[in-house]
Every structure is written in C-alpha cells, then in structure tokens.
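Participant:
Protein chains in written order, with the numbering used here: chain A, 1 to 195; chain B, 1 to 224.
1) Could you compute how far the alpha carbon of residue 82/B sits from the alpha carbon of residue 95/B?
2) For chain A, is any of its Cβ atoms less than 9 angstroms away from the one on residue 144/B?
3) Please classify residue 4/B: does DSSP put it in a helix, a strand, or coil?
4) Is residue 174/A buried or exposed, if buried means 16 or more other CB atoms sit within 10 Å of its CB?
5) Below 8 angstroms on the Cβ atoms is my guess for residue 113/A versus residue 131/A; work out the distance and round it to an integer in Å.
6) Whether or not the segment 2–20 of chain B and the segment 169–183 of chain B are in contact is what I'm after, with contact meaning three or more pairs of Cβ atoms, one per stretch, closer than 8 angstroms; do they touch?
7) Between residue 135/B and residue 218/B, is the Cβ-Cβ spacing less than 9 angstroms?
8) Closer than 7 angstroms by beta-carbon distance: list the chain A residues that pair up with residue 7/B, in chain order.
9) What's the call for residue 18/A, buried or exposed, on a 16-neighbour Cβ count within 10 Å?
10) Report the partner residues of residue 99/A according to the DSSP bridge assignment.
11) Taking C-beta to C-beta, are residue 180/A and residue 54/A nearer than 9 angstroms?
12) What does residue 189/B pair with, by DSSP beta-bridge criteria?
13) Buried or exposed: which applies to residue 113/B, given that a residue is buried once 16 or more other Cβ atoms fall within 10 Å of its Cβ?
14) Please name the residue in 75/A, 64/A, 195/A and 109/A whose C-alpha comes closest to that of residue 171/A.
15) Taking all protein chains shown into account, do 16 or more other C-beta atoms lie within 10 angstroms of the C-beta of residue 39/B, making it buried, or fewer, making it exposed?
16) Which class does residue 141/B belong to by DSSP, given the choice of helix, strand or coil?
17) What does the alpha-carbon distance come out to for the pair residue 5/A and residue 66/B?
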C-alpha cells in the first residue's frame with residue numbers, strides 16, 4: 001500500500017507550515033534551520049560512509065575482524081560527522097548466513113553510516129513482513145536466498161544499530177578499495193540486495 | 001502500548017514498494033519537521049527521544065498508516081508542543097485553515113489533556129549507562145519474554161511476547177525507554193540480544209532457517 005493513497009502531501013505540508021509560522025511568530029524557531037537539515041542529510045551523511053567501511057573490510061582482514069568484534073570502535077578512524085551511532089554491530093553475510101535489518105516498532109537505522117532510511121524501510125509492509133517472511137520480502141527486491149541458508153533478521157528494538165557486511169562481488173578481487181566502495185549499495189548494507 | 005505502530009508479523013500489507021532514485025526529502029516540509037523538532041527541544045517541549053517516540057505512537061492510528069513517516073513525526077511533535085503549552089490545537093487549526101487546509105482532513109496529533117511531566121534529560125548524553133549490578137542472564141541462557149504489554153511506551157514488540165529464545169549477546173546497561181519516555185527517570189537495565197527461531201514465533205508456517213534477533217531489556221525477560 002502507498003502511504004499517500006488518501007492524503008496528498010499538501011495536507012502534511014500545510015500543517016507543518018502552520019506550526020512553523022506560529023513558532024516564528026513566537027520567536028521559537030530559526031528559519032535557517034531547515035536549510036541546514038537539507039544540507040546535512042544530502043551532503044554530509046549517507047550510504048557512502050557505510051560503503052567505505054565495507055570496502056575496507058574486504059581489503060583489510062585485520063580491519064574486518066576488528067569491525068566484526070566491535071563496530072563502534074573500528075569505525076572511529078573514519079571520523080564520520082553528524083548522526084551518532086552509540087553502538088554499531090556489523091553482521092557478516094557468508095555462504096551459510098544471510099542477514100537483513102529492520103526496525104518493526106519505529107524506523108531505527110544507522111544514520112551515521114547509511115544516512116536517512118529509504119521510504120520502504122519505514123513503511124508498514126517491510127516492517128510487518130520481514131520478521132515473518134523475509135525470503136518472500138527479499139523476492140520483492142529480486143533477491144533469492146537458498147532454503148539451506150540461515151536467514152538472520154535483526155530487529156533494531158533498542159539503541160544498538162545494525163549494518164550488514166555483504167559478501168564481496170566475485171569479480172572484485174583486483175579492484176581498489178575506492179572502486180569497490182563505489183559498488184557497495186545501500187540496500188546491500190541493509191541486507192535486501194546482493195552484490 | 002499496543003498501538004498501531006507495532007507492525008512486526010502483521011499480515012496483509014502486500015509488496016514492499018520501492019521508489020527509483022528516491023530523494024532524501026520528498027518536499028521541503030519533510031526537512032521542516034526536523035526543524036520543528038529542534039524548536040520543540042529548545043522550547044522544553046521535547047526532553048528525550050523515548051518521549052518523542054511515544055508521542056508518535058500516540059497519534060491517530062489511521063493517520064499513522066496513511067500520513068507517511070514525516071507525517072507521523074509531525075503528529076508527534078504537535079502532540080508535544082500542545083502538551084507543553086507552547087501552542088494550542090485551536091491556533092494551529094486556524095492557521096492551517098488560513099494556509100488552505102481542508103477542515104475534513106484527519107489531524108494526526110492527539111495530545112493528552114493531562115500529559116506526563118517529562119522534565120528530565122540525562123546529564124550524560126546518549127543511552128549507554130554501564131551498571132555495577134551483575135547481569136541476571138548469560139550468553140546461551142534460555143529465556144521467556146513477558147506475556148503482557150503495558151499502557152505506556154515499551155520496546156518489547158507484541159510478536160515476541162511470551163516466547164522462548166536464547167541470549168546471544170549482553171550489552172551492559174542502557175537507559176530504559178519504558179521509564180524515560182514518561183519522565184520517570186533513566187532506570188538503566190542490562191540489555192541483551194535474544195534470538196528466536198522462526199517456528200517459535202510463527203509455528204509450522206515459518207520459513208525455513210529463520211532466526212529473528214532482537215535487543216531486549218532485562219525486565220522483559222525471565223529464566224525458563
């Protein structure tokens with residue numbers, strides 16, 4: 001179902017504008033704050049941060065073991081700014097295990113490494129179904145996971161944030177870390193795409 | 001609370017719909033909601049994230065399903081602004097009408113007439129609170145989750161209640177959302193990752209090889 005079937009965005013945008021204009025009247029809001037938000041989430045944080053982590057883990061086995069043991073500490077060296085993750089747990093896809101991340105109660109998501117979540121991650125369908133029928137949900141994404149693989153779903157119900165370390169592409173062995181990072185998709189780090 | 005937001009395992013929603021080349025914001029108003037949250041914080045109407053999450057859970061359930069992510073946030077922030085006395089519902093409605101709103105539209109916000117008094121914000125930022133008390137459970141322990149929900153905020157979803165699982169990780173102490181959301185203090189508890197098998201959650205209809213991992217607070221759990 002689309003979340004906008006019965007309600008054009010104008011309904012919410014008018015309500016937001018009404019609240020904003022009243023707060024402006026009362027001197028309680030900074031009008032420039034909206035532009036700052038747009039710059040922050042368009043330019044400073046996004047899945048490019050997670051992609052750099054993944055590519056480094058593929059190239060550097062020592063970093064990879066540190067990342068899987070303590071994701072929060074391992075990513076300190078990247079000095080990402082904006083959007084904190086208090087505790088990051090990185091879960092590894094292997095030939096035996098496929099991981100996929102969700103937040104059934106809300107939309108908890110590792111902003112610092114992946115940016116703001118896509119709309120489908122926050123929609124009822126994904127949140128409802130992926131803990132119950134993840135293989136069928138993955139089919140919606142064009143991904144087939146063999147029945148012999150263990151499928152681990154991570155429901156981010158507290159403040160710990162999860163990110164998937166995808167399996168590297170089979171033809172990427174001779175590529176540089178930078179070239180590999182460009183091939184890592186946001187969806188692969190949520191666990192709904194393969195590379 | 002057993003609100004509409006607790007989606008895990010609900011059936012009938014259909015395919016996951018993806019948007020090609022999805023922009024970060026679909027309209028300027030979505031980014032505006034972040035600015036409104038900042039203003040609510042400055043005005044003392046929003047003290048912590050748990051309080052905000054509960055404010056969003058309390059919006060009109062039909063709006064929760066139909067107003068989209070930022071529409072839900074907007075309803076939550078309106079709840080908080082009205083409950084703190086910063087704005088009045090009537091003045092928001094009047095201003096919205098001036099700006100072209102249709103009086104028949106569903107308003108997401110449902111502010112409480114007698115809201116919780118949430119004036120507490122921890123001195124330490126974040127939610128990690130290392131504890132001196134020993135954790136009750138160890139990795140590998142079998143545990144059963146509490147069977148019932150509560151009227152207030154909780155991070156124990158309905159689909160894992162009364163179910164048996166195993167502890168796979170211990171994460172030391174964290175602020176308890178169930179308490180913090182209502183201004184009743186941080187009351188940090190040990191937090192664990194618990195794994196449930198697909199068959200424990202969904203019975204014989206479970207997909208093969210399914211293991212659902214979820215982070216749960218100590219008071220949600222008991223030894224089997």
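Don't be surprised by glycine CBs; every beta carbon is placed ideally from N, CA and C.
Quick caveat: nothing in here was measured; it's all calculated off a predicted structure.
Facilitator: Taking the definition as stated:
1) 15 angstroms
2) no
3) coil
4) Around the beta carbon of residue 174/A, fewer than 16 other beta carbons sit within 10 angstroms, so the residue counts as exposed.
5) Their Cβ separation, rounded to whole angstroms, is 22 angstroms, which puts residue 113/A and residue 131/A out of contact at 8 angstroms.
6) no
7) yes
8) 104, 124, 127 and 128
9) buried
10) 152/A
11) Contact: yes.
12) 174/B
13) Exposed: under 16 other Cβ atoms inside 10 Å.
14) The candidate whose alpha carbon is nearest that of residue 171/A is 195/A.
15) buried
16) coil
17) Only weak support exists for where residue 5/A lies, its pLDDT of 40 falling under 50; the value from the coordinates is given anyway. Cα-Cα distance, rounded: 7 angstroms.
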